[in-house]
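**Student:** Structure provided below as structure tokens; questions to follow.
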Amino acid sequence: MDGSVGVRKGAWSKEEDALLEKCIVKFGEGNWHLVPERAGLNRCRKSCRLRWLNYLSPNIKRGEFGQDEIDLIVRLHKLLGNRWSLIAGRLPGRTANDVKNYWNTHQKKKKEKNEKAVDQSGRESEETSESRSIKPIKPKPRALSVNWPTGTSSNSPGNQNPVKERETRAVLLGRAFGEDGSSGPVRPPSTSYTLDDLFQLETNEDGILVEGNFGTSDLLFDEDPWMN
DNA sequence: AAGTGCTTCAACCGCCATACT
DNA sequence: CAGTATGGCGGTTGAAGCACT
Numbered sequence: 001m002d003g004s005v006g007v008r009k010g011a012w013s014k015e016e017d018a019l020l021e022k023c024i025v026k027f028g029e030g031n032w033h034l035v036p037e038r039a040g041l042n043r044c045r046k047s048c049r050l051r052w053l054n055y056l057s058p059n060i061k062r063g064e065f066g067q068d069e070i071d072l073i074v075r076l077h078k079l080l081g082n083r084w085s086l087i088a089g090r091l092p093g094r095t096a097n098d099v100k101n102y103w104n105t106h107q108k109k110k111k112e113k114n115e116k117a118v119d120q121s122g123r124e125s126e127e128t129s130e131s132r133s134i135k136p137i138k139p140k141p142r143a144l145s146v147n148w149p150t151g152t153s154s155n156s157p158g159n160q161n162p163v164k165e166r167e168t169r170a171v172l173l174g175r176a177f178g179e180d181g182s183s184g185p186v187r188p189p190s191t192s193y194t195l196d197d198l199f200q201l202e203t204n205e206d207g208i209l210v211e212g213n214f215g216t217s218d219l220l221f222d223e224d225p226w227m228n
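Note that full-length UniProt numbering numbers the first sequence so that position 36 is 36, with each residue one more than the last.
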């Protein structure tokens, strides 16, 4: 794979950051397999990419998540499941890692609260809304084939294969969000999408977003989303 | 002030999809 | 068509910092 024998691991030093940044500024993003050599770094390509995307990239927004961002994460997670990259794509300046870390932190607290609730009131929490009805869309939208937009119907194995079928849906989802599949790998768009966009999307693209019965009411919370 | 436990988040790992040869 | 290279993702881990006793 990486063929990386004896590459450096662990936290990045300021010198390494500077080298990587210099390299990206000079050559641009992409060609990650060339980056370690170009930058003069004893790091594997994955490490370089991750460091740039999660930390060094100038687009990254730091600091705490705002309430609107939290709401959006909660709703999108309900819709998409653990599709952190897609969720992060709706949050300008936030990375998938940020969102994932944030979610895991709060999920932990949430779980603990649920367990306490079980201790106190029996099995009430088994009936929590999430476990009851919503099946998040699980498949991973990946880069799209150049033939994808035209060659999907008759020869697509997705029609018989449920997994493929769901993948197709997920790809559609990515496209519907504005990810242009015709030009290579799926990338987060530069603009954000509002919940209104999501709702509209659901109306227009009936059957694409939805797995099971899913309505706009499923995205609404009457109470603190982290509770219960 | 020191020790301990908890939380956060950067980074690694393994896997998968696509592109390329 | 098969094999290989590359990019990208989600899950997990561990170090550092913080809070509490």
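We put the beta carbon where it would ideally sit given N, CA and C, even for glycine.
Predicted, not measured: the structure shown is a model, and the values here were computed from it.
Give the DSSP-derived three-state secondary structure of V74 in the structure shown.
**Tutor:** Of the three classes helix, strand and coil, the one that applies to V74 here is helix, per DSSP.
**Student:** Please classify K14 as buried or exposed, where buried requires at least 16 other C-beta atoms within 10 Å of its C-beta.
**Tutor:** K14 should be labelled exposed.
**Student:** Going by CA-CA distance only, name the one from E69, E16, N42 that's closest to R8.
**Tutor:** Measuring from the Cα of R8, the nearest candidate turns out to be N42.
**Student:** Return the residue from the list E16, G89, Y55, I87 that minimises the CA-CA distance to P36.
**Tutor:** Ranking the options by Cα distance to P36, first place goes to E16.
**Student:** Spatial neighbours of E130 within its chain, please: C-beta separation below 8 Å, excluding the five flanking residues on both sides.
**Tutor:** With a pLDDT of only 41 at E130, under the threshold of 50, the placement of this residue in the model should not be trusted; the figure read from the coordinates follows. So the qualifying residues of the chain are K78.
**Student:** Taking R62 as the reference, give the member of I87, L86, P92 with the closest Cα.
**Tutor:** Ranking the options by Cα distance to R62, first place goes to P92.
**Student:** Looking at L72 and L80, is the spacing between their C-beta atoms short of 8 Å?
**Tutor:** For L80 and L72, no; Cβs fall outside 8 Å.
**Student:** Mind checking D68: buried by the 16 CB within 10 Å criterion, or exposed?
**Tutor:** When all chains shown are included, D68 counts as exposed.
**Student:** Please report the residue range of the alpha helix (DSSP H) in which G66 lies.
**Tutor:** No alpha helix (DSSP H) holds G66; DSSP gives it neither H nor E.
**Student:** Suppose the cutoff is 8 Å on Cβ atoms and the five residues either side in sequence are ignored; what does the same chain contact list for N59 look like?
**Tutor:** P92, G93.
**Student:** So, helix, strand or coil for A96, using DSSP?
**Tutor:** Of the three classes helix, strand and coil, the one that applies to A96 here is helix, per DSSP.
**Student:** Assuming contact is defined by CB atoms lying nearer than 8 Å, are L56 and A39 in contact in what I supplied?
**Tutor:** No; because the gap between Cβ atoms is not below 8 Å, this pair is not in contact.
**Student:** Going by alpha carbons, who is nearest to R45 out of W32, W52, T105?
**Tutor:** Answer by Cα proximity: W32.
**Student:** For N54, which of helix, strand or coil comes out of DSSP?
**Tutor:** Helix at N54.
**Student:** Checking 8 Å against the spacing of the C-beta atoms, do N54 and N82 come in under that value?
**Tutor:** No, they are not a contact pair.
**Student:** If you check the beta carbons only, do A88 and V99 fall under 8 Å apart?
**Tutor:** Cβ atoms of A88 and V99: closer than 8 Å.
**Student:** Considering only residues of the same chain and omitting the five flanking positions on each side of C23, which have a CB-CB separation below 7 Å?
**Tutor:** Hits under 7 Å: V35, R38, A39.
**Student:** With burial defined as no fewer than 16 other Cβ atoms inside 10 Å of the residue's Cβ, what is the status of T95: buried or exposed?
**Tutor:** Burial call: buried.
**Student:** Start and end of the alpha helix (DSSP H) containing W84?
**Tutor:** Run containing W84: 84–89, per the alpha helix (DSSP H) assignment.
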